[in-house]
Structure formats: C-alpha cells, structure tokens
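In this note's numbering, the protein residues as written are 4 to 477.
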C-alpha cells in the first residue's frame, strides 16, 4: 500500500510539473499628480473626513518615499571632456534659514537662502514630464525632448518614452487627464512629439495622428458638439468649426472612436461595437485650468470632474485589461498648480483628496481584477508647486502644517509661485516596488528615502518591456 501511494504521489508530482505555465501580463497604472508636495498631503489628510486618505507611511502594503528632480548628476560637455558635475540635492543646504537680500533696490525684502537655492534650481513641468516619461535626466537649461513629429510610416522608437515602450511591446496604452486635451504635459506623457510653441490644434493633431495610444480621455471641447453645433459654455477657445470638423474626421480615419461626454456622466462610457478601435473621449467641462469659474463654484466643478475622472478611469482599466499582453494607463491630474497659484487653499486640499480617491479606486480595481502579482500602481508628483510649508515658515526655515480640525483649512502658506526642485511624494504598491527600493539615492532627514524622477522613468520603462514572467498553474 505504501509503495502504491509513493508511486501515485510521484505520478501526480510529474503531472503537476508538466502542466503548462501561464504568461503573466505586466500592468502598470501611473498616476501623475502635478505640483503635489509632502506638506500638501499632510494638509489634505488633516482636512479630510474621508477614511481613504490615511497616513500612507503607516500602511505596510504601500511604499511611501520621495522623488527629486535633483540631483542633476552629470552633464556631457560639448568638447568631449570629462562630464560637468551639476548641483547635488543637499537637504541641509536646501532648508537653510539664513536670510539674504533680494536686490539692492529692495534691500528691505529678505528671503531664505534655502528658498533662493530652490528657486534658482527649479525645474519646469515639461522637463519633469519628459523625465518621468522617458527616463532622460531633466536639466534646468534644456527640456531634453525630441521636438519633432514622428515621420509618417517610420517605426516608433522602443527606447524613448514610456507609452512608446509599452506600445512597442504590444501592451495597450491609455491616458486619462483632468486637463484640456491639448495640454502640454498630458500630450508629452501620451508619447507625442511636438515643437514647444505649437498651437492647440497642431498639438491635438499630433495626438490623433502620431500617438501610440489606444485610449485618450481628456477635458475640454472645441466649441462645437458632435453635430458641429456651436456651444456657448463652458468657455474654451480651441479652433474654428472647420478646424474641428477636419480633426474629427482625421481622428475617425485614423481608427479613433470619438465619444463626447458631459457633466452628468451619461452617454459616454466606453462601450462600443468595435472592441478593438481606439477611443477618444472628450469630457465637456471646458477649460479646467481657469480659476475664475473654479473660485465661484469650486465644489460643483471639482466634484463633478473628480467623479467623472474616476468613472472614466474604471472604464479605461476595464477596456485596457482586455489585452492579453498587458497595459499601461497614465492618469494625469494637473490642476493643483493652477489652484495654488490662485491661492485657492480650500480647492487645493480638495484637489489632493480627489487624486487620492482616484488612487484608492485603482487599488480596489486591482484587488478585484487579477491582484498584484504582475501589477504595479504608482502615484508620483514630478515636482512640488509653491514650496508649501506651515503657516510660520516666513519666520522659520521649516514649520509644520497647523491642524485646525476636519473640514477646516489647515494653516499653511505658499512661499513662492512656481514649480520647485524640492522633494515630492512617491507612492508605490505592486511588482515594481522591490526594484525601485534598490535605487534610492539617499535619505532626507525630513522626508526619508528618495530617488530621481528620471530613474523612476527608467524603471517603469524596464518594467513594461521585460520578458513576461511565468506563473505556474495550480
């Protein structure tokens, strides 16, 4: 009997070893929240009554770290000599509190040397989008972006940009943005090459003709609806009726299904008879960068837009996940700098809460759709906007955000208006985390471990192009 059981066990073991293994498909969901700093996360958590916005540093399922547009490690010298060393991020220097005069004409005005250092080394959002999309280091004097449209019929380079990497390997690609569909940052993230001063029409033409996207969801409208009828509101100047009709026809001839949406979330989900067609979804919210309309009815616009983006994100993930090869979805949240620039504090913290709700929705979708074995969820802010610190930071080099209770605006201030080179939040969960952890550059005494934004771009590109791992069937 014992001999029989031994033989049976051997047969079963061999049979299990002979079962075919399944190809796991890499799935990457990247949420890009422009302008978010660590202190804005703190302020939003103090303000929010939502349980979803917890202290991420205490959650063992997540890695909470930082990104930096610095250090700018080296720069190739034109004459071919040794590389020039660029400024290194030094937290002790960056947060220095010594005062310096702004100028001889305004000798009575003083700012912190730390602020001055950060302002002088501040990076542009286009540079940050390039670095996170392509893994190319972003220098202060050069955007380092290929500023020419892809030639018709030429193959997409597999080593230049995240969406291109994924498309080249057969993964489905999509971008969902709360910004107008010709906004510079989300078109860069979508893998579109363009000249820096192109018109909105030309930018959007690049999107529909040159982008490797399978799905593009963004806000705004061209002042005309699907039937070519003029729209009086929301106000957003894009182009003439003929311009839009030409672009719409070109989009459809390029294989796009053009879908219009509205604020009521009706009639624009991604169900379509042609399952393999590319989908262009335009949410008719107008110009979401305008702060005039936001300040008069912030809860209406921000709330409806956030709900719409979450709804479209879920539809997008369901659509992209049909691919047997995997997918890359980029969710671009870009309104925060505009709100901070207008000093709309309440709207700013609510914008951060909306972004984290989108993150939680993605987390729940992954839990319900295949789990985390080959899926990565990354939320990154490629730069901080405004150098947001506590309310007393005009007198001290660093001050904590003041807690005034739930649903009350915490005490904080903007120390200058513009993108900064300070550290910004990075949240990660899933298959890519272990690899990222081995590339942290250093540890900041305030915000902990960090890595460069360009290194994150490289790691994400490697994640979506690596050989598919084998998952043994039970």
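From the three backbone atoms N, C-alpha and C, an ideal C-beta is built for every residue, glycine too.
Review point. For residue 175, which three-state DSSP category applies?
Key: Reduced to three states, the DSSP call for residue 175 is strand.
Point to revise | Status (buried if at least 16 other CB within 10 Å, exposed otherwise) for residue 213 | key: Residue 213 comes out buried.
Review point. Of all Cβ atoms in chain C, is any one closer than 7 Å to the Cβ of residue 46?
Key: No chain C is present in this structure, which holds just one protein chain.
Practice item. Could you please give me the residues that DSSP links to residue 388 through a beta bridge? Key: Note: residue 388 sits in a beta bridge opposite 422.
Review point. What is the DSSP secondary structure of residue 193, reduced to helix, strand or coil?
Key: Taken through DSSP and simplified to helix, strand or coil, residue 193 comes out as coil.
Point to revise | Cutoff 7 Å; reference residue 321; Cβ partners in own chain excluding five residues on either side | key: Correct list: empty, nothing qualifies.
Exercise for review: Using a threshold of 7 Å, state whether the C-beta atoms of residue 391 and residue 415 are closer than that.
Suggested key: Yes, these two residues count as a Cβ contact at 7 Å.
Check your understanding: Who are the near neighbours of residue 466 in its chain, counting only those whose CB is closer than 8 Å to its CB and skipping five residues on each side?
Key -> Correct list, in chain order: 29, 31, 379, 434, 435, 438.
Exercise for review: Excluding the 5 residues preceding and the 5 following residue 60 in the sequence, name in chain order all residues of the same chain whose CB lies nearer than 7 Å to its CB.
Suggested key: Sequence-distant Cβ neighbours of residue 60 in its own chain, meaning closer than 7 Å and more than five residues away, are 67.
Check your understanding: If we ignore side chains and look at the alpha-carbon of each, how far apart do residue 413 and residue 345 end up?
Key -> Here the C-alpha atom of residue 413 lies approximately 17 Å from the C-alpha atom of residue 345.
Point to revise | Presumed contact (8 Å Cβ cut-off) between residue 295 and residue 188, rounded CB distance | key: That pair is no contact at about 21 Å.
Review point. So residue 259 is in the beta strand (DSSP E); what residue range does that whole segment cover?
Key: That run of the beta strand (DSSP E) goes 259 to 264.
Check your understanding: Which runs of the beta strand (DSSP E), 3 residues or longer, sit entirely within the segment 26 to 60?
Key -> Listed in chain order, they are 30 to 36.
Practice item. Just the C-alpha distance for residue 64 and residue 249, rounded to the nearest angstrom, thanks. Key: Straight-line Cα distance between these residues: approximately 48 Å.
Practice item. Look up residue 414 in the DSSP assignment and give the residues it is bridged to. Key: 405.
Review point. Taking just the CA atoms, how far does residue 402 sit from residue 154?
Key: The predicted model places residue 154 with a pLDDT of 44, which falls under 50 and marks its position as unreliable; any figure quoted below should be read in that light. Those two C-alpha atoms are separated by around 52 Å.
Check your understanding: Since residue 445 sits in a beta bridge, which residues does DSSP pair it with?
Key -> 453.
Practice item. Leaving out five residues on either side along the sequence, give the residues of the same chain with a beta carbon under 6 Å from the beta carbon of residue 315. Key: 179, 220.
Review point. Taking Cβ to Cβ, would you say residue 70 is nearer than 7 Å to residue 383?
Key: It is a contact, given that the beta carbons lie within the stated cut-off.
Check your understanding: In chain order, what residues of the same chain have a beta carbon less than 7 Å from the beta carbon of residue 136, not counting five sequence neighbours either side?
Key -> Taking C-beta separations shorter than 7 Å and ignoring five residues to either side along the sequence, the partners of residue 136 in its chain run 164, 165, 191, 192, 460, following chain order.
Check your understanding: In this structure, does DSSP put residue 286 in helix, strand or coil?
Key -> Under the three-state reduction of DSSP output, residue 286 falls in the strand class.
Review point. Using a Cβ-Cβ cut-off of 8 Å (strictly less than) and excluding sequence neighbours within five positions of residue 109, which residues of its own chain qualify?
Key: In this prediction, residue 109 scores a pLDDT of 48, lower than 50, which makes its location untrustworthy; no coordinate-derived value is stated.
Practice item. May I have the straight-line CA-CA distance separating residue 418 from residue 342, to the nearest angstrom? Key: Rounded to whole angstroms, residue 418 to residue 342 spans 15 Å at the Cα level.
Point to revise | Span separating the alpha-carbon of residue 357 from that of residue 445 | key: Note on geometry: alpha-carbon atoms of residue 357 and residue 445 lie some 30 Å from one another.
Check your understanding: With burial defined as no fewer than 16 other Cβ atoms inside 10 Å of the residue's Cβ, what is the status of residue 464: buried or exposed?
Key -> Under this definition residue 464 is a buried residue.
Exercise for review: Go ahead and pull the three-state DSSP assignment for residue 225.
Suggested key: Three-state DSSP puts residue 225 in coil, outside helix and strand.
Practice item. Count the other CB atoms, across all protein chains shown, that sit within 10 Å of the CB of residue 367; report buried if there are 16 or more and exposed otherwise. Key: The Cβ neighbour count for residue 367, taken over all protein chains shown within 10 Å, is under 16; the residue is labelled exposed.
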